[in-house]
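Numbering (my numbering), first residue to last: 1247 to 2212.
Positions of the beta carbon are idealized from the N, C-alpha and C atoms, including for glycine.
Note that the structure is a prediction, hence the values are computed from the model and not measured.
What follows is the structure in structure tokens.
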């Protein structure tokens, strides 16, 4: 043991061995000792030497230490020493090495732990990093070593799990990609690491957070696995337990891990949103009225929380995912909470700046969120819109530069794809809406546009350009804006004032901002182009700027002037004779040269700040001097550069040909659009028919379901009825008798009510039949009186007989109905008597004789009811017979009416024939009389009138006899 005392700091006799020799002997002892205690002491000694002799221990002892991890799994103490030694070899963080606690068994010099160690210089630090990377590469050459460490993490012993977590974290720091690949293919590798978050010991849990931070860096596959291992739920629970934004560094570690999981990972972002975790972020941003004295840790935590919100709605995400998250943030009240922080007092400047950036991205492109933001008012007297308050900060040169950039970004996001908001901003500039008693957004923008501060000029120009972005209506409305420059002078338009400032030769930043505003304004707006060209000084100024050979700083201004002039050519409607497309092209060719013009136009995209601004929408600049390009303007330049170059090089003939081709294409497009509209209509009709079919199908299924349910209910009622009948039969006799009486009485009452209804129906039918019979009688009497003179007397007599028979049947039925009424009254009286007896018998006990009498009465009533039913059936049958007979009588009456009509026709014809005969007889009498007169004149004897009359009478009698015989 003298050897170990020498290693551990004790005094030993003889010469002291060197460090390398000592390490070699310790390694031999680890490899050859059979006793666990000897190996443990040797490993502990290697641990104590691993910092001072890092190179020697790493090269000689690493294999032995790994072997200890594989063979001595039963002893947690030696495992802890071996893991600590490996960590000392691999870790490059000097502070961690000095802050880590030593085992209680290992003696530490009094001055060793608290000794002030000077920071190593760069060479020493580089050498240390190289050693850590070298040992890490040596350790991970065999992937089984990483698997071995993962298996050791399953040990619950603190002295094994904690060093294992630290060792794996150090390996990930040095060789992250390789170690991530090994853990990813290891079975249950990520799941074992996730179990660290559930450890009750805070030290292991906190170091587990650091381990997962290193594990999830830039590896989407591991990020997904960690997310689906309930990482979001566990991390949010830890943040809540630790006090949210008021928590310590553990909250910071959790937020950093959440950022790793969500940043640029659409799958995890969607999982986070679908899991309703956005709603759990709202309490983080609840701040009180007194916001003074924020700790540095709280500022850091809240800053990370705001970054986490921005990750979910970042412009680089897919539009659909961002829109869905924006909607959730508005619905859960997170946006409202952020606006509260925005308008609160005492908030630190960096938190306020980050809050403005967060609100900007939450409302960007979301109409609902933008409308809400427009309605937010600052807590001032009088209340002012939040947009106005923010613009006041933007145009105030005393505000911090980053804050002014954040306000500009917020204003841009508020107007992004928000034509309603653009109209509201432009309306504050129009003469009809200006309020002299209040400060509006338009007034602030104009004030910044013409301020002496070049940064305010640039910010106001870009903000106003965003109010016109892709909005032709507002571009035309802005042409109406008039500005009063000074007393006694007429007002000038805003467009003219911008060109006047350009010509005055102000700072480069101011001119760049105004040129971007003018290019955005007149782009795709021929009316604005005409207004710009109407000023005779504008085109000469632009050509002079482009044609001059200026310094490096002025090249960007020359390029923007070329872009502005090119827009005037491309969107020129040739309404001004002096500045048509052809004349402007000729002017460029003579004054500038086409090649020189295109070269100057290319200066814009070649500028180093152009590519930086084109990367993302947020304006991020290191200094105010670098604030030259706007993100949306870079997209405009990219769109226009090619078309302007072509437009400058084209001749008038080529343009005519292109116009003809465009017209032809437009015609074809119109035809295609017509067919498309027709197809859309047909598709809509088909879809509507499909919906109708689906609706009818669903209705049919519902009806079938309803029918099935009703059938089942009917069956249930039948079963219940049968069960009740069986139960009633099994009750005690007294209860059974009373219940039987009440039930029979109830049934008897139901049958009596049914009989009443049947009798009432029969009475109505009888009345109807009597009415019909009376009508038939009247008709028959009429026919009889009319046909008394004809030859159909015998047929009428038979019909009268049939009708008399029918009448007698009806009278008999009436008699039977009266009899049934009488029987019904008697039956009702009996039923009431029985029911009264049943009620009185419920108060006391019934004797057997009385029960027998009641049963006999009930039986009689039952038989009487059956008899009434039979009589009702017979009456129904007789009613059917009467209906048939009535129908036969109706048909007979119809036949008689037909015969009557025929007889009347014959009578009329016979009367006509008689009249004709009378006429003939009168003519004959006249002739006979004339002939008698002639005979008398000739002296011939003539018979007298009396003889003739007597003879005629005799003849008439004979004719009557003949007719009688006939």
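- The C-alpha of residue 1549 is placed about 7 Å away from the C-alpha of residue 1600.
- Residue 1490 places its beta carbon less than 8 Å from that of residue 1530.
- Look at residue 1572 here: in three-state DSSP terms it is helix.
- Put simply, the backbone Cα of residue 1811 is about 49 Å away from that of residue 1465.
- Counting only the Cα atoms, residue 1610 lies some 10 Å from residue 1565.
- Three or more beta-carbon pairs drawn from the region 1267-1275 and the region 1293-1306 are found closer than 8 Å, and the two stretches are therefore classed as touching.
- Residue state for residue 1630 is assigned as strand, using DSSP reduced to three classes.
- Contact holds between the region 1410-1424 and the region 1456-1474, because three or more Cβ pairs, one in each stretch, are under 8 Å apart.
- Under the rule that a run must span 4 or more residues, the alpha helix (DSSP H) segments found entirely inside the region 1845-1898 read 1849-1852, 1854-1859, 1877-1895.
- Note on residue 1605: 16 or more other CB atoms within 10 angstroms of its CB, so buried under the neighbour-count rule.
- Collapsing the DSSP output to three states places residue 1832 in a helix.
- If one requires a minimum length of 4 residues, the alpha helix (DSSP H) runs lying completely within the region 1588-1671 are 1595-1609, 1613-1621, 1632-1640, 1647-1661, in chain order.
- Per the Cβ contact rule, the region 1865-1881 is not in contact with the region 1915-1933 (fewer than 3 Cβ pairs under 8 Å).
- In this structure residue 1672 is not in contact with residue 1728, their Cβ atoms being roughly 14 Å apart against a cut-off of 8 Å.
- In the same chain as residue 1505, and ignoring 5 residues on each side of it, the C-beta atoms closer than 8 Å to its own belong to 1550, 1553, 1554, 1557, in chain order.
- Separation of residue 1620 and residue 1637 (C-alpha to C-alpha, rounded to the nearest whole angstrom) is 13 Å.
- Annotation: residue 1751 is outside any alpha helix (DSSP H) and is labelled neither H nor E by DSSP.
- Boundaries of the alpha helix (DSSP H) harbouring residue 1557: 1542-1558, taken from the DSSP string.
- A direct Cα-to-Cα measurement between residue 1946 and residue 2125 gives close to 42 Å.
- Excluding its 5 nearest sequence neighbours in each direction, residue 1763 has C-beta neighbours in its own chain below 7 Å: 1707, 1710, 1711, 1744, listed in chain order.
- Following the DSSP letters along the chain, one finds residue 1770 in no alpha helix (DSSP H), marked with neither H nor E.
- In this structure, the straight-line span from the alpha carbon of residue 1442 to that of residue 1876 is close to 47 Å.
- Residue 1392 places its beta carbon less than 8 Å from that of residue 1429.
- Residue 1758 has no beta-bridge partner at all, per DSSP.
- Of the residues 1473, 1543, 1494, the one whose Cα lies closest to the Cα of residue 1523 is 1473.
- The three-state secondary structure of residue 1775, taken from DSSP, is helix.
- Ranked by Cα distance from residue 1602, the options 1613, 1633, 1940 are led by 1633.
- A Cβ-Cβ separation of about 4 Å places residue 1322 in contact with residue 1403 under the 8 Å criterion.
- Counting other Cβ atoms within 10 Å of its Cβ, residue 1335 reaches 16 or more and is therefore classed as buried.
- For residue 1289, the three-state secondary structure derived from DSSP is helix.
- The straight-line gap separating the alpha-carbon atoms of residue 1823 and residue 1691 is approximately 35 Å.
- For residue 1726, the closest C-alpha among the options 1740, 1717, 1714, 1713 is that of 1740.
- Note on residue 1893: 16 or more other CB atoms within 10 angstroms of its CB, so buried under the neighbour-count rule.
- An exposed status is given to residue 1967, since fewer than 16 other beta-carbon atoms sit within 10 Å of its beta-carbon.
- Here residue 1915 is exposed, its C-beta having fewer than 16 other C-beta atoms within 10 Å.
- Shortest Cα-Cα distance from residue 1405 to any of 1476, 1436, 1331, 1419 involves 1331.
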